[in-house]
Structure formats: structure tokens, C-alpha cells
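Accompanying notes for the structure given below.
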Amino acid sequence: MLRSAKPRLRALQLASPRTRLPVRSFASVRTEEKDPVELDQITTLPNGIRVATEALPGHFSGIGVYVDAGSRYETPELRGVSHIIDRLAFKSTTKRTSDQMLEMLESLGGNIQCASSRESLMYQSATFNSRVEDCVGLLAETIRDPLITQEEVGQQLDTAAYEIGEIWSKPELILPELVHMAAYKDNTLGNPLLCPQERLEVIDRNVVEAYRQTFFRPERMVVAFAGVNHQEAVKLAEQYFGDMKSAPVLSQVGSQATLNTEATEGQSTVASTPPNVAYGASTSQDSKLLGKIPFFKNLSTSAQHSAQHTDASLTTSAFSEPQLDLPAHYTGGFLSLPHIPPPPNPALPRLSHINLAFETPGIGSEDIYALATLQTLLGGGGSFSAGGPGKGMYSRLYTNVLNQYGWVESCTAFNHSYSDSGLFGISASCEPRSIGNMLEVMCRELAALSASTGYHALKEGEVQRAKNQLRSSLLMNLESRMVELEDLGRQVQVHGRKVGVTEMCAKIEKVTIKDLRRVAAEVFGGNIHNPGNGSGAPTVVLQEGLYDGEAPSQKKSFGWGEIQERISRWQLGRRGKHVSYARGKRNTNPNTSILLLEGVADAKEASFYCGKKVAFVYRASKDVRGSKIRAIWGTVTRPHGNSGAVRAQFRSNLPPRSFGATVRVMLYPSNV
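If you're matching positions, the sequence shown starts at 1 in UniProt numbering and goes up one per residue.
Quick look at the structure:
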């Protein structure tokens, strides 16, 4: 019976209308991804303060105040104060004691700090959105109304002395600082980030106040907000910074400034420079660089070493506006530090350290993207690196250096960019006996970047990998609220606008192999034309290590003359100060004709410093092929004994069509 009912039920189901349930559907809206720079706004207050915002949402907001100050702007009277003044931040003010300030900082939560660099003094904070106004008020209080007691200054000077000792004992920390000092000798970017040892005795609250009067002016300040509405940010900036008045540079320092510049005239102490410290071929006593290096007080030639504490006011002539705006003048040079004794622990390696650097264009140049790509392409690191892939193990310094030579401890490319100049180079550590080979390897890697053919020429695959790594690093860093804030504040400070990450990535992608070769040839050939008219010479900082039982007197030093010769053989940089340049007429003898840097000097004869450390006089002329040669190097021989003409065979490095051309130059000995 049930079996006969099944067909009838099936027919009934088919005859009855089906109930259709509604299908859930979702509406999706696709919008174009916006560049964060579209959310950026900049307003200039009547007193000159620039207010910049980037209203990206988040649980935390970033607030920063950026001052056009730092070690590059320091005059001799203010040398080292940038190091001290960032340590005096968030201490006692006219409204709170230092303990009350500490309690307020703890109640805010988040992250708050002050740091000084060569071109900026940065007060930065990341805090809860609900505490933005409290944070702005706290920053304004420590910037505008610090109490700066002599006790606080003394405490920070003691702390700075300890920091100097710690940093000086670590070559990886102090050598980059010394590279700047050697590259920009006695000017701007060569001023030390660390307070010089001899200046610790001179700086007091009055010198600090003079520094504040010089740099803490509204037209030199940017107030930046990340994650804050622009109108709200402008309102807060007007409330806490709008009444700041611009004053002439130190025209009204008042009776508190007590450094008497007249009292120091004629009182500078000049000490002899040790044999292992040289700039170019010179070891003269007028070099002031060592006076800025920590723990070289006994070698100081600083004019401020004997400055006295008096009650006279600072003179305004030492702090004129044009002096604060001087361009960075790249000098290049050589600095050799005392030998490193063997470490007490026999398991630790015995190492020598060397840094090689060249001048680069400033941050405003379009070539900074090529330079950043070159740095990523070179990469580098230590001989041992724990972790998985994605750490730059395919970079050139890993594959060509660290993986090939067991005597290399570390090898890393660096790139420092500033407003009107920069430095690019390689820092390395190796076994002491291999320091000469280390320099050769460094020069080889830099020279290969501009090669158009050969095994070491740039390849499309490695260039694309470097660009991908660079973009990835840029995007990941900007995930941090503090990095986003600093990027906004510093870009507005330097460029007057924010360069968006989309624009940056697009410019990185546009970099070609041809661009990389061109930039490498210009930088490592010493042909950078910055406002400071740099020398184009290489910068080398060297610190050699000793083996167990080896005395410094027993070790053969790696001298500047030999270093120059090795660098020149790789056609890198221009020769240092030991070469005198001249302009001459064509010589009738084609075997002795050459032109060396036409237009640098008007002398028809000039002294020439050769590898034998003997001065000669040469007569300049033209190259037999009509090429203008910018630099020469080689070996000097005396075919006729110790008298008469001196014959030298040199190799030219510019222009490109003269690469590899060998010419003979007749050198005539001067009074030697």
C-alpha cells in the first residue's frame, strides 16, 4: 500500500507551487586606495611656526616638535650643547619640579622622548587620543619654560662624560662619528654629535640658555601631529606656541649668558699631532679635528679649551644668521686612530676597522632614490647572522665578501643624507693582517657599481630585488606611529612639504641600471657638485688592531700614501691635498704631455707629492689624445740615479674615453 502511495505523493509535490526563499546578497563598494599624503595639511602661524598634520586614524596619536638645531649649526662657543640640551628635556620647569614632571609623563602613558641629530632637535610623543592636549602642553612646557638649574646641568654633564666613555670603547659606534669629522673637517656636518671632552668643563646653564636663545625661535620650528584633525591641531599649536616671538640671533641674551669670547682670545692651546693622525699628507699642528674627538683632550687645538666662566654676555658676531646657514663643505681626508690592544678574552677576535666614504648629493636631489637602492643592493652585515631568509643574504657584500673571505668579520654599506650633502661608503672589520686586502675588496665592490660590462656589472635581477627590499622596508617602517610622525615633521622641516609614500615608491621603481651606474660613477669618481664645493677626495678612517704580544712600534702602519694609491688604482675619488694642481701649455714632446685639473690653479709649475713622500715640480701640458685628465697616479723612478729628471708612469681616470690610457710624465725635482 505504501509502495503504491509514493507515485501519488511525488505527483502532488510536483503539482504544488514551490516556495522560494530569498537569497542574501551584500552590497560592496570598491574605492581607490588613497595615499596618506592626501590627508596631510600644513598651516603656518603668524609667528612663523609651521603646523603639519597627517590625519590617519588609530588608537594612538603622535605629537612632535622639530627645531632647526643640532651639531651642524653649533659655533665654537656652543660646541657640544646639542648633546646636553636633549638630556635636559622633561626636567624641572617654571611650573613643575622634576619629580612632578616625571609623574606627569608616567600618567600620560605611551612614549615620549627627545633626541638631537646633526640637523634637528626632536621632541616626540605617542599618546592616547584622549591625552593629546595634555601632551602638547607638556611639550610646550619643557621647550618654552625649562628651569635649567645648574645642578641639573651638572648631572647631565656627568652622564655625558660616561656616555662618551662607553661610545669611545665601541668602534662600531664611534667610527661613523669620526667619518663625519674627517669628511667635513672643522665645519658644519663635521661638528661632533657628542660633546667634546674639553667642553664639559665650559658648558653651564648660561651657555645652554645662549643655545636656546639662538635656535628656539618660531621660524625654526615645526609642530607635527599624526592621527589628529588639522583644525584641532592648529588650535592647540596656537594655544601653546602662538605667542612665541621671534628675536634676533642672540641680540638679547641678557646677563645670564656668561661665556666671554674675548677672554678666550689668544689662549688656545696647540698640541702636537701624533704621527698616526693625518689629513692628506699633512701632520701640521693647526689641525683642529682631534680637539673634537672624545678623550683627545691632551691633543686638542680647540680655541675654546681654556674658556673661562665670566659674567660678560655672548657676542652676537659669533652667531650671525649667515653663519647658521653655511653650506656643508666636504673636505675628505684620513684619520688614523691609536691601535686597539688585544682583548682580555682570548676567545674574542682581534680586529682592525676601516671606513671608506665619498660625498653624495643632498636630500633634495632626485638621485637619493638611486643611492638608497645602491645601499640596499650592497647590503652587508656580520659574518654570523642568525635567522631565516629575507635578511639581505643575497646582497653583494654578503655574496662577494662575507661568504668569500673568512678573515672578514663584518662589512656593511652606509648612506647618510643631509639637507645639502651626504656620505656613502662601506664600513668593515677584519683580521689585522688583512687590512690592506680589506681596502682592496671595498674598492672593488664600489668600482663595480659603475661598470657597464663584465662579470661584476649590475644585473637586472639583483637591481629589482634591491628595489623591492627598499620599498618593503619603507612601508613596514611607516607602520609605526613614531616613524610616521618623524617622517612628517622632518620632511616639512627640510622640504616644506610631505613627500608621500606612493610618490617615493614610484620613484624607486623608476630607477634603472643606467641611473645606478651614472650615480655610482659621479659619487665614487668625486664629481658631486653640492653648494659647499666639496673636494671629491675619499674619506678614510682607520683603526688597526694588535695581536697578542705585538707592540704598536713593531706594527707596520697602513699609511695614507699607500691608501691613496690603492684607492686611485680603482679610479675612485680625487687625490687629496698632497697634489698641487696647475694649468700649462702643450709640451712638444708627446711622451711627456699631460693636463692635470685645468683651472684649479694658475701656476705653470707646481709641487707634486708622490708615493715616495718626495716633492717634485712638474710642468703640465695636454694629453697626447687631447683628453683632459683630472687625476694621475703611479710610481716614480729615477732612470739616471739620484740627480736629473725623474720619470713617472701614471694612469689617468677621467674622462671615460681615457680609462686605462697610460701616459709618461717628466717630473723635475724641486729643492729636496
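We put the CB at the ideal spot given by N, CA and C, even for glycine.
Owing to the predicted nature of the structure, the values given are computational and were not obtained by experimental measurement.
Check                                                                                                   : Outcome
Terminal residues of the alpha helix (DSSP H) in which E484 lies                                        : R481 to H495
Collapsed DSSP secondary structure at L111 in the structure displayed                                   : Reading off the sequence, residue 111 comes out as Asn, not Leu. In the structure shown, N111 sits in a strand (DSSP, three-state: E or B).
Local conformation of F659 per DSSP, three classes                                                      : At F659, the pLDDT of 33 sits below 50, so the modelled position is not reliable; the number obtained from the coordinates is stated separately. Three-state DSSP puts F659 in coil, outside helix and strand.
The stretch 519–531 in contact with the stretch 441–457 per 3-pair CB rule at 8 Å                       : yes
Through-space distance from Q124 to L542, alpha-carbon basis                                            : 36 Å
Span of the alpha helix (DSSP H) around R144                                                            : V132 to R144
Which listed residue (T188, R144 and Q150) has its alpha carbon closest to that of S246                 : R144
Of the listed residues L337, D367 and T159, nearest to K507 (C-alpha basis)                             : D367
Collapsed DSSP secondary structure at L404 in the structure displayed                                   : Per the sequence shown, the amino acid found at residue 404 is Gln instead of Leu. Looking at Q404 - three-state DSSP - the assignment turns out to be coil, as it is neither helix nor strand.
Continuous beta strand (DSSP E) stretch holding R50: start and end                                      : R50 to E54
Nearest to K235 (by Cα), restricted to the options R50, L474 and S472                                   : R50
Three-state class that DSSP yields for E201 in the structure shown                                      : helix
Sheet register partners of G190 (DSSP bridge)                                                           : In DSSP, G190 forms no bridge with anything.
Separation of Y66 from G165, as counted between CA atoms                                                : 29 Å
Proximity of T360 and G422 at Cβ, strictly below 7 Å                                                    : yes
Neighbourhood of R490 by C-beta, 7 Å cutoff - its chain only, sequence neighbours within 5 removed      : Y66 and S120
Buried versus exposed call for V499 [16 or more other C-beta atoms within 10 Å across all chains shown] : exposed
Residue-chain proximity (K556, chain D), Cβ-Cβ < 7 Å                                                    : The question asks about chain D, but that chain is absent: this structure has only one protein chain.
Bounding residues of the beta strand (DSSP E) (the contiguous stretch that carries V541)                : T539 to Q543
Between the CA atoms of G154 and E103 - distance to the nearest angstrom                                : 23 Å
Reduced DSSP category for M244 - H, G, I as helix; E, B as strand; rest coil                            : coil
Classification of G454 by the beta-carbon crowding that lies within 10 angstroms, buried from 16 upward : exposed
Coarse secondary structure for I354, derived from DSSP in three states                                  : strand
G536 versus G70 - alpha carbon distance                                                                 : 25 Å
Buried versus exposed, by CB contacts within 10 Å (16 or more), M476                                    : exposed
Candidates D40, P46 and G48: closest to A55 by CA position                                              : D40
Cα-Cα separation, T142 to A89                                                                           : 6 Å
C-beta contact flag for G62 and R481 at 7 Å                                                             : yes
Delimiting residues of the beta strand (DSSP E) encompassing Q564                                       : Run containing Q564: none in the beta strand (DSSP E); it sits in the alpha helix (DSSP H), W560 to R569.
R350 and G549 closer than 7 Å at C-beta                                                                 : no
Beta-carbon gap between C443 and I528 smaller than 7 Å                                                  : no
Three-way DSSP call (helix, strand, coil) for S120 in this model                                        : coil
Closer than 6 Å: N206 CB and nearest the ligand MG heavy atom                                           : Here there are no bound small molecules, and the ligand MG is not part of this structure.
Among A182, A520 and S336, nearest to N559 - alpha-carbon criterion                                     : Inspection of the sequence shows that residue 559 is occupied by Gly rather than by Asn. When only C-alpha atoms are compared, the closest one is S336.
Under 7 Å between C-beta atoms of S429 and H329                                                         : no
First and last residue of the uninterrupted beta strand (DSSP E) at S61                                 : F60 to V67
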